[in-house]
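Heads up: the sequence shown is residues 1 to 418, going by this note's numbering.
Written below as C-alpha coordinates is the structure these notes are about.
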Amino acid sequence: MKVIKILVLITAFTLTGCSKNDDGDSSPPQNQAPQAFGLSVMPNNATNVDLLPIFDWVESTDPDGDTVTYSLYMDTQNPPTTLVQDNIAQTQFEITQPLSHYATYYWKVVATDGQATTESTSTFSFTTRGLGLAVEATNSAGFIPRRFHQVVTFNNKLWVIGGDNHNGEDENDVWSSPDGVTWTEVTANAGFSERWGHTVTIFNNKIWVIGGHDGTNQTNDVWSSPDGITWTEATSNAAFTARSKHQSLVFDNKLWVIGGTDINGTNNSVWSSSDGVTWTEVTASAQFSGRHSFSALSFNNKMWVISGVDSYRKNDVWSSTDGVTWTEVTASAGFSPRFRQTAVVFSNKLWVIGGDDGNNKNDIWYSNNGADWYQAVEHATFTERYGHAATVFNNKIWIIGGDDDTANGFLGDVWSID
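Printed below as a string of C-alpha coordinates:
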(Lines of atoms letter the chains of each structure in order from A and count residues from 1; the text may use other names and numbers.)
(Lines give C-alpha, C1' and ligand atoms only; values in the text may rest on other atoms or scores of the structure.)
Protein backbone atom coordinates (compact mmCIF):
# COMPACT_ATOMS: atom_id res chain seq x y z
CA MET A 1 0.00 0.00 0.00
CA LYS A 2 2.84 2.40 0.74
CA VAL A 3 4.31 1.87 -2.75
CA ILE A 4 0.99 2.67 -4.40
CA LYS A 5 0.65 5.96 -2.45
CA ILE A 6 4.14 7.13 -3.47
CA LEU A 7 3.39 6.53 -7.16
CA VAL A 8 0.17 8.51 -6.90
CA LEU A 9 2.00 11.48 -5.34
CA ILE A 10 4.70 11.46 -8.03
CA THR A 11 2.05 11.39 -10.76
CA ALA A 12 0.13 14.26 -9.17
CA PHE A 13 3.28 16.35 -8.83
CA THR A 14 4.18 15.76 -12.48
CA LEU A 15 0.75 16.89 -13.68
CA THR A 16 0.48 20.00 -11.53
CA GLY A 17 4.09 21.20 -11.16
CA CYS A 18 5.43 21.17 -14.75
CA SER A 19 3.92 23.27 -17.60
CA LYS A 20 3.84 22.07 -21.17
CA ASN A 21 3.14 23.81 -24.49
CA ASP A 22 0.51 22.56 -26.94
CA ASP A 23 2.98 20.13 -28.49
CA GLY A 24 3.78 18.56 -25.16
CA ASP A 25 7.24 20.16 -25.07
CA SER A 26 8.24 21.26 -21.60
CA SER A 27 10.53 24.15 -22.87
CA PRO A 28 9.49 27.83 -22.27
CA PRO A 29 7.23 29.44 -24.96
CA GLN A 30 9.03 31.26 -27.84
CA ASN A 31 9.17 35.07 -27.86
CA GLN A 32 6.85 36.59 -30.46
CA ALA A 33 7.74 39.50 -32.74
CA PRO A 34 5.93 42.85 -32.54
CA GLN A 35 2.72 42.97 -34.53
CA ALA A 36 2.62 44.21 -38.12
CA PHE A 37 2.25 47.98 -38.53
CA GLY A 38 2.44 50.58 -41.28
CA LEU A 39 3.67 54.04 -42.24
CA SER A 40 1.26 56.95 -42.01
CA VAL A 41 0.68 60.65 -42.82
CA MET A 42 3.20 60.90 -45.68
CA PRO A 43 1.75 58.81 -48.53
CA ASN A 44 3.85 56.55 -50.70
CA ASN A 45 5.37 58.38 -53.73
CA ALA A 46 4.75 61.78 -52.11
CA THR A 47 6.20 64.77 -53.99
CA ASN A 48 7.30 68.30 -53.09
CA VAL A 49 8.19 67.13 -49.59
CA ASP A 50 9.88 69.57 -47.23
CA LEU A 51 13.61 69.17 -46.64
CA LEU A 52 12.99 68.59 -42.92
CA PRO A 53 10.10 66.13 -43.03
CA ILE A 54 8.39 64.54 -40.05
CA PHE A 55 8.11 60.76 -40.34
CA ASP A 56 5.05 59.08 -38.78
CA TRP A 57 3.99 55.47 -38.40
CA VAL A 58 1.28 53.41 -36.73
CA GLU A 59 2.03 51.97 -33.29
CA SER A 60 3.05 48.34 -33.10
CA THR A 61 2.17 46.28 -30.03
CA ASP A 62 3.96 43.22 -28.72
CA PRO A 63 1.99 40.00 -27.99
CA ASP A 64 4.28 39.25 -25.05
CA GLY A 65 3.85 42.70 -23.54
CA ASP A 66 7.44 43.71 -24.23
CA THR A 67 8.32 47.38 -24.80
CA VAL A 68 8.53 48.21 -28.51
CA THR A 69 11.04 50.70 -29.94
CA TYR A 70 11.61 51.72 -33.55
CA SER A 71 14.47 52.22 -36.00
CA LEU A 72 14.15 54.55 -39.00
CA TYR A 73 15.99 53.65 -42.21
CA MET A 74 16.24 56.07 -45.13
CA ASP A 75 18.35 56.09 -48.29
CA THR A 76 18.40 57.26 -51.88
CA GLN A 77 18.69 53.59 -52.80
CA ASN A 78 15.94 50.99 -52.61
CA PRO A 79 15.86 49.13 -50.27
CA PRO A 80 17.08 51.66 -47.70
CA THR A 81 19.98 50.45 -45.56
CA THR A 82 21.14 53.67 -43.87
CA LEU A 83 20.09 53.82 -40.22
CA VAL A 84 18.92 57.34 -39.42
CA GLN A 85 17.93 56.72 -35.80
CA ASP A 86 17.31 53.73 -33.55
CA ASN A 87 15.67 53.27 -30.13
CA ILE A 88 12.85 55.66 -31.01
CA ALA A 89 10.18 55.39 -28.32
CA GLN A 90 7.49 57.38 -30.11
CA THR A 91 5.78 56.80 -33.46
CA GLN A 92 7.23 59.97 -34.98
CA PHE A 93 10.66 61.30 -35.84
CA GLU A 94 11.83 64.66 -37.24
CA ILE A 95 15.26 64.93 -38.84
CA THR A 96 17.43 67.94 -38.05
CA GLN A 97 19.71 68.13 -41.10
CA PRO A 98 18.03 69.19 -44.36
CA LEU A 99 17.69 66.58 -47.08
CA SER A 100 18.83 67.29 -50.64
CA HIS A 101 16.64 69.19 -53.08
CA TYR A 102 15.11 67.33 -56.04
CA ALA A 103 15.97 63.94 -54.54
CA THR A 104 14.01 60.70 -54.22
CA TYR A 105 14.32 58.93 -50.88
CA TYR A 106 13.18 55.51 -49.66
CA TRP A 107 12.26 54.86 -46.04
CA LYS A 108 10.96 52.19 -43.70
CA VAL A 109 10.59 51.63 -39.95
CA VAL A 110 11.59 48.49 -38.05
CA ALA A 111 10.00 47.65 -34.69
CA THR A 112 11.86 45.58 -32.08
CA ASP A 113 10.88 44.19 -28.67
CA GLY A 114 14.45 44.21 -27.37
CA GLN A 115 14.77 40.44 -27.72
CA ALA A 116 16.15 40.21 -31.25
CA THR A 117 12.73 39.84 -32.83
CA THR A 118 11.63 42.53 -35.27
CA GLU A 119 8.84 43.56 -37.60
CA SER A 120 9.33 45.90 -40.57
CA THR A 121 6.97 48.13 -42.47
CA SER A 122 6.90 48.15 -46.24
CA THR A 123 9.18 50.68 -47.97
CA PHE A 124 7.73 54.03 -49.07
CA SER A 125 9.34 56.65 -51.30
CA PHE A 126 9.08 60.44 -51.53
CA THR A 127 10.67 63.24 -53.57
CA THR A 128 11.85 66.46 -51.93
CA ARG A 129 10.89 69.93 -53.03
CA GLY A 130 12.82 72.11 -55.42
CA LEU A 131 14.65 75.35 -54.83
CA GLY A 132 12.61 78.12 -53.20
CA LEU A 133 12.28 81.69 -54.37
CA ALA A 134 15.24 83.99 -53.81
CA VAL A 135 14.60 86.27 -50.84
CA GLU A 136 16.21 89.70 -50.68
CA ALA A 137 18.05 90.22 -47.39
CA THR A 138 18.89 93.81 -48.37
CA ASN A 139 18.91 95.82 -51.58
CA SER A 140 21.73 98.00 -50.32
CA ALA A 141 24.36 96.44 -48.09
CA GLY A 142 26.83 98.68 -46.28
CA PHE A 143 29.57 98.17 -48.86
CA ILE A 144 29.71 100.15 -52.09
CA PRO A 145 28.03 98.36 -55.06
CA ARG A 146 30.54 96.21 -56.94
CA ARG A 147 31.31 93.35 -59.31
CA PHE A 148 34.18 90.83 -59.69
CA HIS A 149 34.46 90.70 -55.90
CA GLN A 150 34.67 87.53 -53.83
CA VAL A 151 32.40 86.08 -51.16
CA VAL A 152 33.19 83.31 -48.64
CA THR A 153 31.77 81.83 -45.46
CA PHE A 154 34.13 82.00 -42.47
CA ASN A 155 33.67 81.94 -38.69
CA ASN A 156 29.87 81.77 -39.02
CA LYS A 157 29.71 84.92 -41.12
CA LEU A 158 29.43 86.03 -44.72
CA TRP A 159 32.49 87.89 -46.04
CA VAL A 160 32.80 90.24 -49.04
CA ILE A 161 36.33 91.08 -50.19
CA GLY A 162 37.57 93.53 -52.83
CA GLY A 163 36.14 93.99 -56.31
CA ASP A 164 35.52 96.70 -58.88
CA ASN A 165 33.09 99.42 -57.74
CA HIS A 166 30.67 101.59 -59.72
CA ASN A 167 33.01 104.58 -59.49
CA GLY A 168 35.58 102.79 -61.62
CA GLU A 169 37.78 102.11 -58.61
CA ASP A 170 39.11 98.85 -57.25
CA GLU A 171 38.66 97.88 -53.62
CA ASN A 172 40.67 96.12 -50.93
CA ASP A 173 38.06 96.48 -48.21
CA VAL A 174 36.72 93.56 -46.17
CA TRP A 175 33.13 93.32 -44.90
CA SER A 176 31.34 90.70 -42.82
CA SER A 177 27.78 89.90 -41.81
CA PRO A 178 26.16 87.35 -39.47
CA ASP A 179 22.85 87.41 -41.34
CA GLY A 180 23.27 89.04 -44.77
CA VAL A 181 21.32 92.09 -43.59
CA THR A 182 23.68 93.94 -41.29
CA TRP A 183 27.21 94.46 -42.65
CA THR A 184 30.31 95.60 -40.78
CA GLU A 185 33.44 96.99 -42.42
CA VAL A 186 36.17 94.86 -40.91
CA THR A 187 38.86 96.93 -42.64
CA ALA A 188 38.76 99.66 -45.26
CA ASN A 189 42.30 98.88 -46.45
CA ALA A 190 43.55 95.34 -46.14
CA GLY A 191 47.27 94.57 -46.42
CA PHE A 192 46.94 93.56 -50.08
CA SER A 193 46.43 96.13 -52.84
CA GLU A 194 43.06 97.05 -54.33
CA ARG A 195 41.98 94.42 -56.84
CA TRP A 196 39.32 92.62 -58.82
CA GLY A 197 39.32 89.25 -60.58
CA HIS A 198 41.13 87.74 -57.59
CA THR A 199 40.15 84.58 -55.74
CA VAL A 200 39.34 84.02 -52.09
CA THR A 201 39.14 80.70 -50.30
CA ILE A 202 39.28 79.22 -46.80
CA PHE A 203 42.26 77.04 -45.90
CA ASN A 204 43.80 76.06 -42.53
CA ASN A 205 41.34 78.27 -40.64
CA LYS A 206 42.34 81.37 -42.57
CA ILE A 207 40.98 83.50 -45.39
CA TRP A 208 43.28 83.45 -48.43
CA VAL A 209 43.42 86.06 -51.21
CA ILE A 210 45.25 85.01 -54.38
CA GLY A 211 46.21 87.09 -57.42
CA GLY A 212 43.87 89.37 -59.35
CA HIS A 213 44.17 92.71 -61.13
CA ASP A 214 45.10 95.80 -59.13
CA GLY A 215 43.95 98.27 -61.76
CA THR A 216 47.38 98.48 -63.34
CA ASN A 217 48.84 94.99 -63.37
CA GLN A 218 47.89 91.41 -62.78
CA THR A 219 49.34 89.97 -59.60
CA ASN A 220 50.57 86.65 -58.23
CA ASP A 221 50.82 87.53 -54.57
CA VAL A 222 49.22 85.37 -51.88
CA TRP A 223 47.82 86.70 -48.60
CA SER A 224 46.12 85.14 -45.57
CA SER A 225 44.26 86.33 -42.50
CA PRO A 226 42.81 84.63 -39.40
CA ASP A 227 40.29 87.42 -38.80
CA GLY A 228 39.93 89.61 -41.91
CA ILE A 229 41.76 92.44 -40.18
CA THR A 230 45.39 91.36 -40.02
CA TRP A 231 46.79 90.16 -43.34
CA THR A 232 50.09 88.34 -43.86
CA GLU A 233 51.78 88.07 -47.23
CA ALA A 234 52.67 84.42 -47.79
CA THR A 235 54.52 85.36 -50.97
CA SER A 236 54.73 88.46 -53.14
CA ASN A 237 55.69 86.44 -56.19
CA ALA A 238 54.25 82.93 -56.38
CA ALA A 239 55.71 80.46 -58.88
CA PHE A 240 52.67 80.76 -61.14
CA THR A 241 52.44 83.73 -63.52
CA ALA A 242 50.61 86.87 -62.44
CA ARG A 243 46.98 86.39 -63.37
CA SER A 244 43.35 87.36 -62.89
CA LYS A 245 39.96 85.79 -63.56
CA HIS A 246 41.43 82.44 -62.52
CA GLN A 247 39.93 80.10 -59.93
CA SER A 248 41.13 78.76 -56.60
CA LEU A 249 39.86 75.95 -54.42
CA VAL A 250 40.86 73.61 -51.61
CA PHE A 251 41.28 69.93 -52.43
CA ASP A 252 43.31 67.10 -50.92
CA ASN A 253 44.47 69.42 -48.11
CA LYS A 254 46.05 71.83 -50.57
CA LEU A 255 45.39 75.20 -52.16
CA TRP A 256 44.91 75.04 -55.93
CA VAL A 257 45.12 77.75 -58.61
CA ILE A 258 43.64 76.98 -62.01
CA GLY A 259 43.69 78.83 -65.35
CA GLY A 260 42.86 82.50 -65.81
CA THR A 261 44.42 85.30 -67.82
CA ASP A 262 48.10 86.18 -67.63
CA ILE A 263 50.50 88.22 -69.77
CA ASN A 264 50.31 85.55 -72.47
CA GLY A 265 46.51 85.43 -72.57
CA THR A 266 44.30 82.65 -71.26
CA ASN A 267 45.97 79.60 -69.77
CA ASN A 268 45.07 76.14 -68.49
CA SER A 269 47.85 75.56 -65.99
CA VAL A 270 47.16 73.94 -62.63
CA TRP A 271 49.17 74.70 -59.49
CA SER A 272 49.02 73.48 -55.90
CA SER A 273 50.48 74.41 -52.52
CA SER A 274 50.32 72.98 -49.02
CA ASP A 275 51.21 76.29 -47.36
CA GLY A 276 50.49 79.15 -49.80
CA VAL A 277 54.21 79.90 -50.04
CA THR A 278 55.69 77.13 -52.15
CA TRP A 279 53.76 76.34 -55.33
CA THR A 280 54.12 73.31 -57.59
CA GLU A 281 53.02 73.21 -61.20
CA VAL A 282 50.87 70.09 -61.39
CA THR A 283 50.41 70.55 -65.12
CA ALA A 284 51.30 73.32 -67.54
CA SER A 285 48.46 72.39 -69.87
CA ALA A 286 45.36 70.61 -68.62
CA GLN A 287 43.11 68.80 -71.08
CA PHE A 288 40.54 71.62 -71.04
CA SER A 289 41.26 74.74 -73.09
CA GLY A 290 42.89 77.83 -71.57
CA ARG A 291 40.10 80.01 -70.19
CA HIS A 292 39.05 82.70 -67.77
CA SER A 293 35.91 83.70 -65.86
CA PHE A 294 34.95 80.06 -65.30
CA SER A 295 33.93 78.20 -62.15
CA ALA A 296 35.99 75.66 -60.20
CA LEU A 297 34.74 73.60 -57.27
CA SER A 298 35.56 70.63 -55.08
CA PHE A 299 32.74 68.06 -55.20
CA ASN A 300 32.46 64.29 -54.66
CA ASN A 301 36.20 63.88 -54.13
CA LYS A 302 37.07 65.59 -57.41
CA MET A 303 37.98 69.03 -58.70
CA TRP A 304 35.57 70.48 -61.25
CA VAL A 305 35.97 73.13 -63.97
CA ILE A 306 32.75 74.53 -65.42
CA SER A 307 32.28 76.69 -68.56
CA GLY A 308 34.08 80.07 -68.89
CA VAL A 309 35.52 81.59 -72.06
CA ASP A 310 38.53 80.88 -74.28
CA SER A 311 37.91 82.39 -77.71
CA TYR A 312 34.28 81.42 -77.24
CA ARG A 313 31.88 81.00 -74.36
CA LYS A 314 31.84 77.46 -73.06
CA ASN A 315 29.39 75.11 -71.38
CA ASP A 316 31.70 72.14 -70.94
CA VAL A 317 32.38 70.43 -67.61
CA TRP A 318 35.64 68.74 -66.57
CA SER A 319 36.73 66.82 -63.49
CA SER A 320 39.97 65.52 -61.99
CA THR A 321 41.07 63.53 -58.96
CA ASP A 322 44.69 64.73 -59.06
CA GLY A 323 44.91 67.94 -61.12
CA VAL A 324 47.04 66.18 -63.73
CA THR A 325 44.46 64.19 -65.68
CA TRP A 326 41.20 65.93 -66.50
CA THR A 327 38.16 64.13 -67.90
CA GLU A 328 35.52 65.87 -69.98
CA VAL A 329 32.31 64.96 -68.18
CA THR A 330 30.23 66.74 -70.81
CA ALA A 331 31.09 68.90 -73.81
CA SER A 332 27.71 70.62 -73.66
CA ALA A 333 25.88 70.99 -70.36
CA GLY A 334 22.17 71.79 -70.28
CA PHE A 335 22.74 75.49 -69.65
CA SER A 336 23.79 77.88 -72.43
CA PRO A 337 27.51 78.61 -73.03
CA ARG A 338 28.51 81.37 -70.61
CA PHE A 339 31.15 83.01 -68.47
CA ARG A 340 31.23 85.34 -65.45
CA GLN A 341 28.68 83.08 -63.73
CA THR A 342 29.00 81.85 -60.20
CA ALA A 343 28.76 78.29 -58.90
CA VAL A 344 28.47 76.55 -55.52
CA VAL A 345 28.18 73.09 -54.02
CA PHE A 346 24.89 72.89 -52.16
CA SER A 347 22.45 70.14 -51.16
CA ASN A 348 24.87 67.49 -52.48
CA LYS A 349 24.78 69.02 -55.95
CA LEU A 350 26.66 71.37 -58.25
CA TRP A 351 24.82 74.65 -58.96
CA VAL A 352 25.45 77.26 -61.68
CA ILE A 353 23.87 80.69 -61.26
CA GLY A 354 23.49 83.47 -63.83
CA GLY A 355 26.35 84.85 -65.91
CA ASP A 356 26.72 86.16 -69.46
CA ASP A 357 25.79 84.06 -72.51
CA GLY A 358 25.57 87.13 -74.74
CA ASN A 359 22.81 88.35 -72.47
CA ASN A 360 22.83 88.62 -68.71
CA LYS A 361 21.22 85.64 -66.99
CA ASN A 362 19.44 84.92 -63.72
CA ASP A 363 18.72 81.24 -64.30
CA ILE A 364 19.81 78.51 -61.89
CA TRP A 365 20.91 74.99 -62.87
CA TYR A 366 21.92 71.93 -60.86
CA SER A 367 23.59 68.57 -61.37
CA ASN A 368 24.20 65.47 -59.27
CA ASN A 369 27.07 64.25 -61.41
CA GLY A 370 28.34 67.11 -63.60
CA ALA A 371 27.02 65.44 -66.74
CA ASP A 372 23.26 65.79 -66.42
CA TRP A 373 22.03 69.31 -65.77
CA TYR A 374 18.52 70.47 -64.88
CA GLN A 375 17.06 73.94 -64.74
CA ALA A 376 15.84 74.72 -61.23
CA VAL A 377 14.81 78.31 -61.96
CA GLU A 378 14.41 79.99 -65.33
CA HIS A 379 14.18 83.53 -63.98
CA ALA A 380 15.13 84.14 -60.36
CA THR A 381 13.65 87.05 -58.42
CA PHE A 382 16.99 88.89 -58.50
CA THR A 383 17.91 90.71 -61.71
CA GLU A 384 19.92 89.17 -64.55
CA ARG A 385 23.60 89.71 -63.77
CA TYR A 386 27.25 88.78 -64.18
CA GLY A 387 30.34 89.31 -62.03
CA HIS A 388 28.32 88.44 -58.93
CA ALA A 389 29.54 86.13 -56.17
CA ALA A 390 27.92 83.30 -54.23
CA THR A 391 28.54 81.09 -51.23
CA VAL A 392 26.65 78.68 -48.98
CA PHE A 393 25.79 79.88 -45.49
CA ASN A 394 23.24 78.64 -42.92
CA ASN A 395 21.88 76.00 -45.33
CA LYS A 396 21.16 78.58 -48.01
CA ILE A 397 22.77 79.82 -51.21
CA TRP A 398 23.68 83.51 -51.00
CA ILE A 399 24.06 85.70 -54.10
CA ILE A 400 25.74 89.06 -53.61
CA GLY A 401 26.28 92.03 -55.93
CA GLY A 402 27.40 91.93 -59.56
CA ASP A 403 26.46 93.99 -62.61
CA ASP A 404 23.07 93.91 -64.34
CA ASP A 405 23.90 96.55 -67.00
CA THR A 406 20.94 98.69 -65.94
CA ALA A 407 21.12 102.43 -65.29
CA ASN A 408 22.39 101.69 -61.77
CA GLY A 409 24.70 99.00 -63.10
CA PHE A 410 26.78 97.69 -60.23
CA LEU A 411 24.85 96.07 -57.40
CA GLY A 412 25.05 96.00 -53.61
CA ASP A 413 22.11 93.69 -53.00
CA VAL A 414 22.12 90.42 -51.04
CA TRP A 415 19.82 87.45 -51.73
CA SER A 416 19.36 84.01 -50.21
CA ILE A 417 17.75 80.83 -51.53
CA ASP A 418 16.93 77.59 -49.75
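By construction, the Cβ of each residue, glycine as well, lies at the ideal position given by its N, Cα and C atoms.
Predicted model, so just to flag it, every value in this text is computed and none were measured.
Element boundaries [beta strand (DSSP E), containing residue i]
i	result
Asp316	313-320
His149	Careful: His149 lies outside any beta strand (DSSP E) and carries neither H nor E.
Glu171	170-177
Phe37	Taken as a continuous stretch (DSSP letters only), Phe37 belongs to no beta strand (DSSP E), as it is neither H nor E.
Asn360	360-367
Ile95	Ile95 -> no beta strand (DSSP E), and no H or E assigned at all.
Gln85	83-88
Ala333	No beta strand (DSSP E) contains Ala333, which DSSP labels as neither H nor E.
Glu281	280-283
Ala46	46-49
Identity of the residues DSSP links to residue i by a beta bridge
i	result
Trp373	Its beta-bridge partners do not exist; DSSP assigns none.
Arg243	Thr219
Thr184	Ser176
Ser248	Val257
Tyr70	Ile88, Ala111
Glu119	Ala111
Trp304	Leu297, Ser319
Arg338	Lys314
For residue i, the nearest candidate out of the options (CA to CA)
i	options	result
Asn217	His198, Asn205, Thr232	His198
Asn348	Gly130, Thr118, His101	His101
Phe299	Leu350, Ile88, Gly211	Leu350
Asn172	Gly163, Ala46, Asp179	Gly163
Thr321	Ala333, Trp304, Gly334, Asp357	Trp304
Asp405	Ile364, Asn359, Tyr374, Asp418	Asn359
Trp57	Gly65, Asp66, Tyr73, Asp64	Tyr73
Ile207	Asp275, Tyr374, Asp372, Thr261	Asp275
Val84	Asp75, Gln90, Thr91	Asp75
Tyr106	Met42, Thr91, Ser224	Met42
Arg385	Glu378, Thr104, Gly354	Gly354
Gly65	Asp113, Lys108, Ala36, Gln92	Asp113
Phe203	Leu255, Thr219, Trp183	Leu255
Tyr70	Ala116, Asp403, Asn165	Ala116
Gly265	Trp271, Ser244, Ser176	Ser244
Beta-carbon separation (whole angstroms), residue i vs residue j, contact threshold 8 Å
i	j	result
Asn315	Arg338	7 Å
Ser440	Phe294	Outside the modelled stretch of the chain, which goes from 1 to 418, sits residue 440, for which no answer is possible.
Thr241	Ile263	7 Å
Val200	Ile161	5 Å
Ala389	Ile397	11 Å between Cβ atoms; not a contact.
Ala188	Ala380	Not a contact, Cβ separation roughly 32 Å.
C-beta neighbour in chain D for residue i, strict 8 Å
i	result
Asn395	Looking for chain D here will not work: only one protein chain is present.
Next on the checklist: For the stretch 137-152 against the stretch 410-417, do three or more pairs of beta-carbon atoms, one drawn from each stretch, fall closer than 8 Å, so that the two count as touching?
Outcome noted: yes
Checklist entry - Looking at C-beta atoms only, is the number of pairs between the stretch 327-337 and the stretch 68-84 that lie closer than 8 Å three or more? => result Short answer: they don't touch.
Next on the checklist: Check whether the stretch 141-157 and the stretch 386-393 are in contact - that is, three or more C-beta pairs closer than 8 Å.
Outcome noted: Cβ pair count under 8 Å is three or more, so yes.
Checklist entry - Is it true that the stretch 108-128 meets the stretch 188-205, where meeting means three or more beta-carbon pairs spaced less than 8 Å apart? => result The stretch 108-128 vs the stretch 188-205: no contact.
Checklist entry - Quick check: the stretch 43-59 against the stretch 89-101, are there 3 or more CB pairs under 8 Å? => result yes
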